[in-house]
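Report on the following structure.
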């Protein structure tokens, strides 16, 4: 092993000192000054490519010479530039929008072969423009719903934004919004995601072969970048939809130097549904959510830039029943803030320092007569991250960094009183912990054919006091209490996480890739119910709860056709997961009294395997993809299901999605989504028994029932009036008229100044076009009298959404 | 917490659609169902039956198809072994197994052995020291109808488990267990509290209970005997999981709950052997 490492460094340093110069810079969108993430920089003569990082920075090295350098990104015009490389040079390029007719897009936009050439596997980058074309539920553009259409990513059915990557649970996805983790990414119990499409620039999903700079979760990374704000001109953008409205303001503070963006969204379901609810049994129910994104950035100079971004969202549910004098309020939501500083040391060295804060809160309060109960849970994270990208030569890209987070978890705290009596729910339990990691990785072009990405991450998790551990005997009586003082170590875990991916090019358009990743996860989400609810509890590692650990092995074949217009891939994977968590049977999350919440859990293992097939058409009038996954997902817990292995509830043998968008003309765009999946698994009563003279259900084995298959078709059409052409026509008519009347034509105004750049679009989307009744849940019915032999049993299936048309008007000026 | 459901349900009200479906459930493995108890001053009492598949035919008008007639049941207190005798209740034709040599004594531990079709299952339970309620009172919510409330000072020390039974004299044949009749002292340890129970459903009397105008309520004129029992942890866990199973009742938002039998073999046996340590209180509900 030592010899290999010595040889490796020898190779790196030999190549470091060869006579190379670098080309580096930042790529931006000329229309608004936003940096472009994942754009391609390509040196034609050397067949070498690099892509921009999440701050739009790139760096490439090449020997002295004359080259043609090409900048490309899917939604922009590809440009070529001739350069003479005899010193380190800096090229900051501003992409121009593709202004040609849509019919000519194919000619102008050249897709890259990065998917074939990269070492990374299972990485999918989605542009917001692409996401916005796909039919959206109730017209709400939703990032999470879109990624659920990708192979290897499964949804949990209607009304759920929780996603499951390669057999992992919904807590195993690291969701980052401008580098701050989001713990609960859904509004309205999972019907909508917390991400407002108008404020988002870019979405990257990494579902396998996770690079070393990411960690803390087992299954995937969903890295979401907010827009920085237009630093060229002031812009207002908004939309009015069926259930919510959005408004975004952005613009320069100092042109080319600093800009801001503020984006807000609020639902009015409460107002719309009130007349229906008031007539129903649910009178007194009200619900709404809102969210706010804000970002500010300042370019200090060519080498330094700072960003300050934040998110705040709240769901508020209330129920009042005047008759029974019962009142309840349930607010929950996320808040994040992140301050970042990009620093370019030189053309080979890029660094970013981030300080972020994340908060997730849930509370429930209920009041009836003199009885009052409150349940609170939440998370507060304070993080610091320092990441460095180093591009020493054309063959290596090093990434290294350190991350640190201080977590405060409040699992579930209950307080209740009845008149003067206060119930004892124990002391407020908070769990304090430090999570730290350091990593290094190298993306290494070993030869034209072979490229390797090797990384190593070391992570540590320490639970510290104040903390009380209650020691109980077998009858459950507390026999002792161990108290830990402030900052005293309660539990400590650490681990090495090797990450390795290798690409072997077969031809210029095809390659074979393989990867192995090992991940530790120090936080767990425990759910009592089979659907995601805000009551699900996040728990950190303690002495009792060990870190989750996953090993993922992936092998894939990648091939592009027709000059990268079509991307195809096949990936097979096998994943093992240790220390998976579930509530013990019969556990109550509020059992904190003289007890540690971690005693309510039981631990087991999981494993998953499958194959994913993906065909994507990237350019042209028709774009879209077909994804198909064949997979198996297993769990086994000693204390659940009598110790027998069982299929996870989101185990899905077949999962397919078909996404198509058609840019018919400049005015008309059509979108279609078809999804098909094997039904979810669930546990249903399988038998009856009589106890105390009353009939009860005997549940079958865990997840032994398979629901019927899920399928659905959604369509949408967007009409974008060509206002500029209309204005031009009006101007021409007026000019002719003025000339006829002999008036001065220089100051003809056809519209108000602010409305000059006004554009709008109308989207009609239809969800569940053929009105398929997909099961949301099944409940069993009983009629008659078992004592008289007239018992009749049956089952009813509840489907959430029938065919739902919706209409959205979007505007921008 | 259940109010969260209100939100979901109100959404269903707006959008959802419901239809009858035919389920193909996995093959069901029949289980032995045991209701066994002993209490201070009483002999052991055991009821044996089989569970049936969900879409099987459950018909108590033919009790011989449900109840086990040929079980062999013994009880031992360490010195004496009592073979329980089968008795058939004349009216409802249900076979019970009842002890004759042993009656429950406070502080003693009993072992129950059941043999059915050559398989033997064993469970152990102890009669603990009883805990008394402070007092009982009636609070009418609809004039003459209401619940029975108890004042209770819970002894100090976590790890006590209780179960509530009540019977209206002259009206109820058996002591009735209201829903969630068992509780522990986790949240109330060493405290003085007041709590209420409704009357619960009369066993084997589904239609009659439904036909009552005010099922579950006590009313003026009732004389109610409350049997408040102390039970052990394992026994409480059975009742706790039993009630969880009852309340989840196929509800998709709750975790499916398997019942923890006190016999240890949950795949084959459903049920419990519980040694009860009762204290009795009588309340005469008078017209105000």
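Protein chains in written order, with this note's numbering: chain E, 66 to 878; chain C, 1082 to 1369. Where a beta carbon is used, it is the ideal one built from N, C-alpha and C, also for glycine.
When the alpha-carbon of residue 700 of chain E is set against those of E/418, E/641 and E/757, the nearest one is in E/641. Here residue 1317 of chain C carries a helix assignment [DSSP, helix/strand/coil]. In the DSSP assignment, residue 800 of chain E falls within the unbroken alpha helix (DSSP H) covering 788 to 806.
Using a Cβ distance threshold of 9 Å, residue 529 of chain E and residue 608 of chain E do not count as a contacting pair. In this structure, the beta-carbon distance from residue 301 of chain E to residue 876 of chain E falls below 9 Å. In this structure, residue 398 of chain E lies away from residue 353 of chain E, with their beta-carbon atoms at least 9 Å apart. When C-alpha distances from residue 391 of chain E are compared across E/153, E/433 and E/822, the shortest belongs to E/433.
Contacts with chain C at 9 Å (Cβ-Cβ) do not include residue 91 of chain E.
Taking all protein chains shown into account, residue 627 of chain E has fewer than 16 neighbouring C-beta atoms within 10 Å of its C-beta and is therefore exposed. Residue-level contact by beta carbon holds for residue 1098 of chain C and chain E, with a gap shorter than 9 Å. Secondary structure note for residue 198 of chain E: its alpha helix (DSSP H) is the uninterrupted segment 193 to 198. Distances from the alpha-carbon of residue 470 of chain E to those of E/495, E/502 and E/484 put E/502 closest. Of all residues in the region 1188 to 1203 of chain C, none is placed with a Cβ closer than 9 Å to any Cβ belonging to chain E.
If the five residues before and after residue 1262 of chain C are omitted, its C-beta is found closer than 6 Å to the C-beta atoms of 1244 and 1245, all from its own chain and listed in chain order. The beta carbon of residue 633 of chain E sits closer than 6 Å to the beta carbons of 624 and 680 from its chain, once the five residues preceding and following it are set aside; these are given in chain order.
In the DSSP annotation of this structure, residue 180 of chain E is not part of any beta strand (DSSP E); the continuous alpha helix (DSSP H) holding it starts and ends at 179 to 182. At least 9 Å separates the beta-carbon of residue 1340 of chain C from that of residue 1357 of chain C. When secondary structure is reduced to three states using DSSP, residue 203 of chain E falls in the helix class. The beta carbons of residue 1159 of chain C and residue 1125 of chain C sit no closer together than 9 Å.
Unbroken alpha helix (DSSP H) runs of no fewer than 4 residues, entirely contained in the region 248 to 335 of chain E, are not found. Scanning its chain for C-beta atoms nearer than 6 Å, with the 5 sequence neighbours on each side dropped, one finds around residue 374 of chain E the residues 243, 291, 360 and 403, in chain order.
In its chain, beyond the 5 residues on either side, 644 have a beta carbon closer than 6 Å to the beta carbon of residue 611 of chain E. Along the region 545 to 620 of chain E, the beta strand (DSSP E) occurs as fully enclosed runs of 3 or more residues at 554 to 572, 575 to 586, 588 to 591 and 602 to 605, listed in sequence order. In this structure the region 1208 to 1216 of chain C does not touch the region 1246 to 1265 of chain C; the number of beta carbon pairs closer than 8 Å is below three.
With a 10 Å radius around the Cβ and a threshold of 16 neighbouring Cβ atoms, residue 1099 of chain C comes out exposed. According to DSSP, residue pairing for residue 699 of chain E in a beta bridge involves E/672 and E/712. Taking the beta carbon of residue 1284 of chain C as reference, the chain E residues within 8 Å of it are 757, 758 and 759, listed in sequence order.
When the Cα atoms are used, residue 232 of chain E and residue 586 of chain E turn out to be separated by approximately 15 Å.
Under the Cβ criterion of 9 Å, residue 853 of chain E is counted among the residues facing chain C.
For a cut-off of 8 Å, the C-beta gap from residue 364 of chain E to residue 323 of chain E is around 7 Å, short enough to register as a contact.
If you draw a straight line from the Cα of residue 1353 of chain C to the Cα of residue 1203 of chain C, it comes to about 10 Å. DSSP places residue 640 of chain E inside the beta strand (DSSP E), whose first and last residues are 631 to 648. Proximity of chain E to residue 1147 of chain C at the Cβ level (cut-off 7 Å) is accounted for by 755, in chain order. Listed along the chain, the chain E residues whose CB falls inside 8 Å of the CB of residue 1323 of chain C are 756 and 761. Sequence-ordered contacts of the region 846 to 878 of chain E with chain C read 850, 851, 852, 853, 854, 856, 858, 859, 860, 861, 862, 863, 864, 865, 866 and 867 [C-beta pairs closer than 7 Å].
The C-alpha of residue 281 of chain E is placed about 51 Å away from the C-alpha of residue 1190 of chain C.
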